[in-house]
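For reference, the structure is listed below as C-alpha cells.
Number of protein chains: 2
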Amino acid sequence: MTGAARVLVTGASGLVGRPTLNALVERGYEVHAVARRSAPADVPDGVAWHIVDLLDAGARRALIGSLRASHLLHLAWHAEPGAFWTARENAPWVAATIGLVDEFATAGGARATLAGTCAEYDWSASQPLAEDAPLAPATYYGICKDATRRVVKALAAVGGISLSWGRIFFLYGPREDPRRLVASVARALAAGERAPTSAGMQRRDFLHVDDVAGAFVALLASDVAGAVNIASGTPVTVRSIVEQLAECAGRRDLLDVGALASRPDDPDEITADVRRLRDEVGFAPAFALPEGLAQTLRWWRDQPRVL
Amino acid sequence: MTGAARVLVTGASGLVGRPTLNALVERGYEVHAVARRSAPADVPDGVAWHIVDLLDAGARRALIGSLRASHLLHLAWHAEPGAFWTARENAPWVAATIGLVDEFATAGGARATLAGTCAEYDWSASQPLAEDAPLAPATYYGICKDATRRVVKALAAVGGISLSWGRIFFLYGPREDPRRLVASVARALAAGERAPTSAGMQRRDFLHVDDVAGAFVALLASDVAGAVNIASGTPVTVRSIVEQLAECAGRRDLLDVGALASRPDDPDEITADVRRLRDEVGFAPAFALPEGLAQTLRWWRDQPRVL
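Residue numbers (our numbering), protein chains in the order written: chain S, 1 to 307; chain C, 1001 to 1307.
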C-alpha cells in the first residue's frame, strides 16, 4: 500500500467495524469512520469520525463527494440479532450500498471491500463451501446481500474500481450482542447464571471478531477481486463451543444443553473453504478457538454487572 | 378488479408507459401517472399527472406516502438507446426501484407489476426461453434488472404484497426513438432516405408497443405472481422486418441490407415462450406483425419533417 491512502470505514461502531480501525491505523491508512452515533471512547488516535446516516442519500453523497477516499471498507448494514434475517430494513441497505459504491467510484475511488455473508450460499451444497459454490440464499437477508453483490460487482467493472466481497461466516468475541449465541452463554457463565442451549450438534465455522476485522483489512489492502470467504475453515459443533466456554469458566454445572429446541431447518454444517483468504489474500487468524473463547469469557467477567 | 383501485404508473411518458394509460382508464382504474416531465398533450382524461424524479428519494417517498395507491405499475428506468446496456445510471434505478416497492408496501399497496427484460436470461440457452430458463445476464443492464427482481420478489414476501415481473423482449411501434432499429428504418423509408442495416439474420421476438402496454396492464390486473415474458412467442429475422417495412413503403430500393456490420457476439435467436402470458394472464396481442409494421410506417409518414 502506498503511504497516504485514505479509507472510509462504514459501520465503524459495529462489532466488526470497531476492531478494523486499529488494524487500518497500524497499516498506515488515513482512516475516516462513519456511523450514526458518536465515536466510542476507545477509538484509536487519528481516526476522523463522521456522524452520518448512510440511508440518507443526500448526506451520504455529501460525505463521499467531499471525502474523496481512495479506499472503501463497507461493513454497515441492518444487523439486529435474530430479526435481521427477515427485516424490512434489508431493502434500504441494498439501495444505500449500491448508491455508496456508485458515488465512491464517481468520486475517484480505487478500491472497495464490502461485507457479504455465508447466507448467499446454498447451505445444502457439499462442505466446505468455496467461493464458487452454488448460490441459493434461503433468507431475505441472504437474497439482499447476494443481489447487492451482483450489482456492485458489475458496477465496479463499468465504474473502473477494484472490488472485493468478504463473506462472513460465524463470529464471536468481545462486545457481541448478548442475544447472540456465544455472547449469551459467556454472559450467563460470567454472571453465574444458568445457560440453556439447544443440543447444538450443528457444525459451524467460527472466527474471532478481531480476526474477521483483520481479514477484511488484509483483503482491502490486497488486489484480490470478487468474493472471499472470511472464516476459519474449521467446523466445530455449537455444543463444543458452549462446553469449552463452560470448562473455561469452571462452571459446567450451569450448562443446560438441549434445554432449547433446535430449529428444524437448521443445516447440519456451514463451513468455509478458506484457501482464497489464506493463499491469495495471505491472511492467517491470530486466535485459535480455545484462546478466543477464553478471552471472550474474560471480557464478560470484566464488564460491570448491569442486572 | 374492484371499482376504485388506484394505480400509480411510473415512466408514464415513456414508450410503454404512455399507451398503458388508456388501457388502465378503460379498465376503470383511478390512474396516477408519474414522470419527470409534464404530461403529453394526448394523455387521456382523468389521469392525474405527478411531476416527480423517482431518483429523488425524498420526493418519491412523499408521493408514495400521500398517494397510498393499491396498485403499482413500475416501468421507469434509464433507457437511452444504445447507451443503457452499460450506463452508470442503471445503479440508481436499482436503488430507486427497491425503495419504491418498499415504500409502496409500507403505504398499504397490494399489487405491483414491474418491468424486467429478456436480458436477464442466458441468451445461449435453448429457445424459446420460458420464465424458468437459466438466468445469466451478459450486460450491466441485465445484471441490474436481475438483481432488482431478486430483491423485490423477496421483499414482496416479507412486505405482504403480490408482485409480478414482466420481461420485455423486443418492441416496435409509433413514438420509438429513431436510434432504435425499426424506428430508424421506418423513419428513413418514410422520408425517402436510404436505410442501411446489418445482414439481419438474427431471430428476435418483436411485439407492438401497444400490445406490450396491454400485456403489462393485463398482468397487473391478474393475480399471477413472479416473472412473465411479455412477447409474441414468434421469432422473426431482423432482415424480414426491414424487408416488410420496405415492401410496405414500396421502396425496397432504399434498403441497404448488409451495409452495417453485425455485432460478433449477437445471439442467433432470442425468443420467448409465451404460455404464461397467454394461458395464465389470458393476454392475446391485437397486432399481427405485418399490420403493426404498416401502422408504424404510417405514423412516421404522418410526422412533420424535422430535417
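Don't be surprised by glycine CBs; every beta carbon is placed ideally from N, CA and C.
If the cut is a Cβ gap below 7 Å, which residues of chain S does Y1140 of chain C touch? Position 140 of the second sequence holds residue 1140 of chain C. Near Y1140 of chain C (Cβ distances below 7 Å), the residues of chain S are A154 and V158.
Would you decide whether G992 of chain C is buried or exposed? Buried here means 16 or more other CB atoms lie within 10 Å of its CB. What is shown of chain C runs 1001 to 1307, which leaves residue 992 of chain C out entirely.
Based on the DSSP output, what are the partners of T117 of chain S in its beta bridges? One-based indexing of the first sequence puts residue 117 of chain S at position 117. Answer is S:I168.
Does any residue of chain C bring its CB to less than 7 Å from the CB of G65 of chain S? Along the first sequence, one-based indexing puts residue 65 of chain S at 65. No, its Cβ sits nowhere closer than 7 Å to a Cβ of chain C.
So is T86 of chain S in contact with chain C if we call contact Cβ pairs under 7 Å? The sequence position of residue 86 of chain S within the first sequence is 86, counting from 1. With 7 Å as the cut-off, T86 of chain S counts as an interface residue toward chain C.
Helix, strand or coil at G1226 of chain C [DSSP, three-state]: Within the second sequence, numbered from 1, the residue matching residue 1226 of chain C stands at position 226. Strand at G1226 of chain C.
So, at 7 Å on beta carbons, what are the nonlocal neighbours of S13 of chain S in its own chain, with the 5 sequence-adjacent residues on each side left out? On the first sequence, residue 13 of chain S is found 13 positions in, with the first residue counted as 1. Counting only Cβ-Cβ distances below 7 Å, and skipping sequence neighbours, we find A35, R37 and P40.
Are there 16 or more other CB atoms within 10 angstroms of the CB of R18 of chain S, so buried, or fewer, so exposed? By one-based count along the first sequence, residue 18 of chain S stands at place 18. Buried, since its Cβ has 16 or more Cβ neighbours within 10 Å.
Suppose only complete runs of 3+ residues qualify. What are the beta strand (DSSP E) ranges in the region 1179–1245 of chain C, listed by chain order? 1195–1197, 1203–1208, 1226–1230 and 1235–1237
State yes or no: is the C-beta of V1016 of chain C within less than 7 Å of the C-beta of A1033 of chain C? Locating residue 1016 of chain C in the second sequence gives position 16, counting from the first residue. Locating residue 1033 of chain C in the second sequence gives position 33, counting from the first residue. No. Outside cutoff.
Say whether chain A places a C-beta atom closer than 7 Å to the C-beta of D1122 of chain C. Absent from the structure: chain A. Protein chains present are S and C.
Beta carbons nearer than 7 Å to chain S: which residues of the region 1097–1115 of chain C have them? I1098, G1099 and D1102
Thinking A5 of chain S and S70 of chain S are a contact (beta carbons under 8 Å), I'd like their distance in whole angstroms, please. Taking the first residue of the first sequence as position 1, residue 5 of chain S is located at position 5. Taking the first residue of the first sequence as position 1, residue 70 of chain S is located at position 70. Sure, about 5 Å apart at Cβ, within 8 Å.
Does the ligand SAM have a heavy atom nearer than 6 Å to the CB of W165 of chain S? The model on display carries no ligand, and the ligand SAM is accordingly not part of it.
Own chain, CB closer than 8 Å to G1108 of chain C, minus 5 neighbours either side, in chain order: To locate residue 1108 of chain C, count along the second sequence from 1; it is residue 108. Same-chain partners within the cutoff: R1068 and S1070.
Listed by chain order, chain S residues near I1143 of chain C by CB distance under 7 Å: The count along the second sequence starts at 1 and reaches residue 1143 of chain C at position 143. Near I1143 of chain C (Cβ distances below 7 Å), the residues of chain S are R150, V151 and A154.
With distances taken Cα to Cα, identify the nearest neighbour of Q1127 of chain C among C:V1257, C:W1299 and C:P1235. Against the second sequence, residue 1127 of chain C aligns to sequence position 127. Per the Cα distances, C:P1235.
According to the Cβ coordinates, are D102 of chain S and A1091 of chain C closer than 7 Å? Here residue 102 of chain S refers to the residue found at position 102 when the first sequence is read from its first residue. Here residue 1091 of chain C refers to the residue found at position 91 when the second sequence is read from its first residue. Cβ distance < 7 Å, so D102 of chain S and A1091 of chain C count as in contact.
DSSP three-state assignment for V1031 of chain C, whether helix, strand or coil: Locating residue 1031 of chain C in the second sequence gives position 31, where the first residue counts as 1. Strand at V1031 of chain C.
Of the listed residues C:W1093, C:T1086 and C:E1030, nearest to G1011 of chain C (C-alpha basis): If you number the second sequence from 1, residue 1011 of chain C lands on position 11. Cα-wise, what sits closest to G1011 of chain C is C:W1093.
Excluding the 5 residues flanking L63 of chain S on each side, which residues of the same chain have their C-beta closer than 7 Å to its C-beta? For this step, residue 63 of chain S is matched to residue 63 along the first sequence. Within the same chain, L63 of chain S has close Cβ partners V34, H50 and V52.
Is there a Cβ from chain C that is less than 7 Å from the Cβ of V94 of chain S? Counting from one through the first sequence, the residue named residue 94 of chain S turns up at place 94. True, the Cβ-Cβ gap to chain C drops below 7 Å.
According to the neighbour-count rule (16 or more other Cβ atoms, all chains shown, within 10 Å of its Cβ), is L100 of chain S buried or exposed? Here residue 100 of chain S corresponds to residue number 100 of the first sequence, with the count starting at 1. By the neighbour-count rule (16 or more Cβ atoms within 10 Å), L100 of chain S is buried.
Under 7 Å between C-beta atoms of T1148 of chain C and T1097 of chain C: Within the second sequence, residue 1148 of chain C is the residue found at index 148, counting from 1. Within the second sequence, residue 1097 of chain C is the residue found at index 97, counting from 1. Going by C-beta atoms, T1148 of chain C is nearer than 7 Å to T1097 of chain C.
Selected residue, minimal CA-CA separation from R263 of chain S, among S:G214, S:T197, S:W165 and S:V242: Residue mapping note: residue 263 of chain S aligns to position 263 of the first sequence, counting from 1. Checked all of S:G214, S:T197, S:W165 and S:V242; the closest Cα to R263 of chain S is S:T197.
Candidates C:L1260, C:D1045, C:A1105 and C:Y1121: which alpha carbon is nearest V1238 of chain C's? Stepping through the second sequence from its first residue, residue 1238 of chain C is reached at position 238. Residue C:L1260 is the option with its Cα nearest to V1238 of chain C.
To the nearest angstrom, report how far apart E89 of chain S and D1279 of chain C are at their CA atoms. Taking the first residue of the first sequence as position 1, residue 89 of chain S is located at position 89. Taking the first residue of the second sequence as position 1, residue 1279 of chain C is located at position 279. Computed Cα separation, rounded: 37 Å.
Beta carbon of A1227 of chain C, beta carbon of V1281 of chain C: below 7 Å? The residue labelled residue 1227 of chain C in the question sits at position 227 within the second sequence. The residue labelled residue 1281 of chain C in the question sits at position 281 within the second sequence. It is not a contact, given that the beta carbons lie outside the stated cut-off.
Which of the three DSSP states, helix, strand or coil, is assigned to L1260 of chain C? Position 260 of the second sequence, counting from 1, holds the residue named residue 1260 of chain C. L1260 of chain C: coil per DSSP, three-state reduction.
Does the region 1185–1192 of chain C come within contact of the region 179–190 of chain S, defined as at least 3 CB pairs closer than 8 Å? no
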